[in-house]
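Read top to bottom, the protein sequences are chains A and B. Count along the first sequence from 1, add 610, and you get the number used in our numbering. Count along the second sequence from 1, add 80, and you get the number used in our numbering. To start, the structure under review is shown below, and the notes come after it.
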Amino acid sequence: NAGVTQTPKFQVLKTGQSMTLQCAQDMNHEYMSWYRQDPGMGLRLIHYSVGAGITDQGEVPNGYNVSRSTTEDFPLRLLSAAPSQTSVYFCASSQGYHGYTFGSGTRLTVV
Amino acid sequence: DAKTTQPPSMDCAEGRAANLPCNHSTISGNEYVYWYRQIHSQGPQYIIHGLKNNETNEMASLIITEDRKSSTLILPHATLRDTAVYYCIVRVAGSGGSNYKLTFGKGTLLTVNP
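Given below as C-alpha cells:
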C-alpha cells in the first residue's frame, strides 16, 4: 500500500514549457486534490476531483488543467509555465470523513 | 467552512506535553475539527479529528469544548521530531463536492526544545 505517489520529486522548467505532474493513489479514494505551497505560506487549493470524470476549480486554478479518467490518477498539467508557478505542489486524497493522505510533493522551479 | 484562529508560534520542552489551541467560534453543527501537521518540506500529515467528543489516538488527543467553539490538540510527550507547523481546520465531513475541500490557514509553528 503505497498511499499517494507523486512524480517527479524535482523539476526545472523554462518559461513557456509545458509539463504534467503525476499523482496516483492506491487506496480507492473518491476525492483527490492538488495544492501549491509557496515559501512561508499555507497550502492553496488548485483543483480537486470527487470522482472519475468530475473535476472542479479551487482557489488558484489559473494556468493549470486537470482531468480524472480513473479513480487512481489525477494529473496536473501546466500549460505554459511561468516563474510565478515556482512552488511546491502537493497531491492529496481522501474518502468520507477520513483525513487526507498527502504525497511527498513535487518541487518545481520555472526559470 | 468556519474560520479558525491559531497562535503563530509556540515553544515546548522535550518530554513535556504540548497543548496547541484553536478557536473556531463560527463552527456549524455538522463541521468536524481536523488537525494536520507539516514537518519541514514534507507533505502535511493527518493527526486526528473530532465532532464534539474528545478523541485520542496513538499520536495525540483532541479536546473540544462543550460549546465547540474551541479545541486543543495535545501531544502528551513532545519530542524534537514533533517540531512542525500544526494546522487546525474545520470542515463538513463526508462525501460530495465541497464537503471535501480543506482550507489551510497559516497554522502554529511548534518548536520543541531539548
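All residues carry an ideal CB built from backbone N, CA and C; glycine is no exception.
Given the structure, does residue i come close to the ligand FAD, in the sense that its CB is under 6 Å from one of the ligand's heavy atoms?
{"i": "A:Ser690", "result": "Ligands displayed in this structure: none; no statement on the ligand FAD is therefore possible."}
In this structure, how does DSSP classify residue i when only helix, strand and coil are distinguished?
{"i": "A:Ser703", "result": "strand"}
{"i": "B:Tyr116", "result": "strand"}
{"i": "B:Leu131", "result": "coil"}
{"i": "A:Asp636", "result": "coil"}
{"i": "A:Asp683", "result": "strand"}
{"i": "B:Pro101", "result": "strand"}
{"i": "B:Ser141", "result": "strand"}
{"i": "B:Leu160", "result": "helix"}
{"i": "B:Gln122", "result": "coil"}
{"i": "A:Gln695", "result": "helix"}
{"i": "B:Tyr166", "result": "strand"}
{"i": "B:Tyr180", "result": "helix"}
{"i": "A:Leu631", "result": "strand"}
{"i": "B:Ala93", "result": "strand"}
{"i": "A:Thr719", "result": "strand"}
{"i": "A:Arg678", "result": "coil"}
{"i": "A:Ile656", "result": "strand"}
{"i": "A:Asp666", "result": "strand"}
{"i": "B:Glu111", "result": "strand"}
{"i": "A:Ser643", "result": "strand"}
{"i": "B:Gln86", "result": "coil"}
Please name the residue, chosen from the options, that lies closest to residue i on a Cα-to-Cα basis.
{"i": "A:Asp683", "options": "A:Met629, A:Leu653, A:Leu623, A:Tyr641", "result": "A:Tyr641"}
{"i": "B:Gly123", "options": "A:His657, A:Val660, A:Tyr645, A:Tyr658", "result": "A:Tyr645"}
{"i": "A:Ala702", "options": "A:Arg654, A:Lys624, A:Gly626, A:Thr625", "result": "A:Arg654"}
{"i": "A:Leu686", "options": "A:Gly673, A:Gly709, A:Ser704", "result": "A:Gly673"}
{"i": "B:Gly187", "options": "B:Cys92, B:Glu94, B:Cys102", "result": "B:Cys102"}
{"i": "A:Val622", "options": "A:Gly709, A:Gln705, A:Ala692, A:Phe700", "result": "A:Ala692"}
{"i": "B:Gly185", "options": "B:His129, B:Asp91, B:Leu160, B:Tyr114", "result": "B:Tyr114"}
{"i": "A:Gly663", "options": "A:Tyr699, A:Gln647, A:Gly706, A:Thr681", "result": "A:Thr681"}
{"i": "B:Ala158", "options": "B:Tyr167, B:Thr84, B:Asp91", "result": "B:Asp91"}
{"i": "A:Ser679", "options": "A:Gln632, A:Ser697, A:Gln705", "result": "A:Gln632"}
{"i": "B:Pro88", "options": "B:Met139, B:Tyr167, B:Asn110", "result": "B:Tyr167"}
{"i": "A:Ser697", "options": "A:Ser643, A:Pro649, A:Ile656", "result": "A:Pro649"}
{"i": "B:Val170", "options": "B:Leu189, B:Ile128, B:Pro194, B:Ala93", "result": "B:Ile128"}
{"i": "B:Asn195", "options": "B:Thr145, B:Leu190, B:Val192", "result": "Nothing about residue 195 of chain B can be read from this structure; chain B reaches only from 81 to 194."}
Can you find a CB in chain A that lies within less than 7 Å of the CB of residue i?
{"i": "B:Pro101", "result": "no"}
{"i": "B:Pro87", "result": "no"}
{"i": "B:Pro124", "result": "yes"}
{"i": "B:Gly185", "result": "yes"}
{"i": "B:Tyr180", "result": "yes"}
Verify the CB distance criterion: does residue i have a CB-CB separation below 7 Å to chain B?
{"i": "A:Gly713", "result": "yes"}
- Query: Any residues in the segment 650-664 of chain A with a beta carbon nearer than 7 Å to a beta carbon of chain B? Which ones, in chain order?
  - Reply: Gly652, Leu653, Leu655, Tyr658, Val660
- Task: Report yes or no: do three or more beta-carbon pairs, one from the segment 665-683 of chain A and one from the segment 613-624 of chain A, lie closer than 8 Å?
- Result: no
- If you pair each beta-carbon of the segment 89-98 of chain B with each one of the segment 714-721 of chain A, do three or more pairs fall below 8 Å? no
- Query: Residues in the segment 635-647 of chain A with C-beta within 7 Å of chain B's C-beta atoms, listed in sequence order?
  - Reply: Glu640, Tyr641
- Query: Taking Cβ-Cβ distances below 9 Å as the criterion, which residues of the segment 686-714 of chain A are in contact with chain B?
  - Reply: Sequence-ordered contacts of the segment 686-714 of chain A with chain B read Val698, Phe700, Cys701, Ala702, Ser704, Gln705, Gly706, Tyr707, His708, Gly709, Tyr710, Thr711, Phe712, Gly713, Ser714 [C-beta pairs closer than 9 Å].
- Where the segment 126-154 of chain B meets chain A: residues whose CB sits under 7 Å from a CB there: Tyr126, His129
- Query: the segment 102-114 of chain B: which residues have C-beta closer than 9 Å to a C-beta of chain A, in chain order?
  - Reply: Tyr112, Tyr114
- Task: Count the C-beta pairs between the segment 103-117 of chain B and the segment 145-161 of chain B that are closer than 8 Å, then say yes if the count reaches three, no if not.
- Result: yes
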